[in-house]
Amino acid sequence: MPAIDIKDTRLLDAGEANVVSKCNHKFRVILVEKKQEKIKIKKRKEYIYYAIVSRLNNPSDSSAIYEFYHQRQTIENFFKESKNPFNSSKMPSQKFRANEAYLNLITIAYNCFGIFKKTICQKSGRENLLVQLRIS
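The UniProt record's numbering applies: residue 1 is where the sequence shown begins, and numbers increase by one.
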């Protein structure tokens, strides 16, 4: 089982295995070791480990399967974050243009929130967050 390294991520193709006991089909198992971004939080592990279990029809290499699921996770995470905290699951109006303007404002708020998380929260750490925001 050769390992593949992709930008702070190591993929180990475990091959096919019977993952579910009552299922006759074999699933492709790819083990992932990913280095986390450095954040000044105590007791944070340097790497996270998880497995990708797939039954895609086309036999691809492990890096192609990882990229496919990574893109899918990114899109699903965007929809989850945009629907829940910004309440975009409920449209405020019956009119198309009003809902379009509302979703544009939500997109701007989402991007501002993402910039805030990356620039202030992750770089400064928890202890310096209040100093950065100048909250007393």
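Positions of the beta carbon are idealized from the N, C-alpha and C atoms, including for glycine.
#### Entry: Run of the beta strand (DSSP E) containing E100, from where it starts to where it stops
E100 -> not in any beta strand (DSSP E); alpha helix (DSSP H) instead, spanning F96 to F116.
### DSSP-derived helix/strand/coil call for S21
coil
### Task
Please report how far the alpha carbon of E81 lies from the alpha carbon of C112, in whole angstroms.
13 Å
### Message
On a Cα-Cα basis, can you pick out the residue from D8, R55 and I106 that is closest to N24?
### Response
When the alpha-carbon of N24 is set against those of D8, R55 and I106, the nearest one is in R55.
### Query
With DSSP run on the structure shown, which of helix, strand or coil describes I76?
Before going on, a small fix: residue 76 reads as Glu here, not Ile. Helix.
### Task
Within its chain, find whatever has a CB closer than 6 Å to the CB of S93; leave out the 5 residues flanking it on each side and keep chain order.
N99
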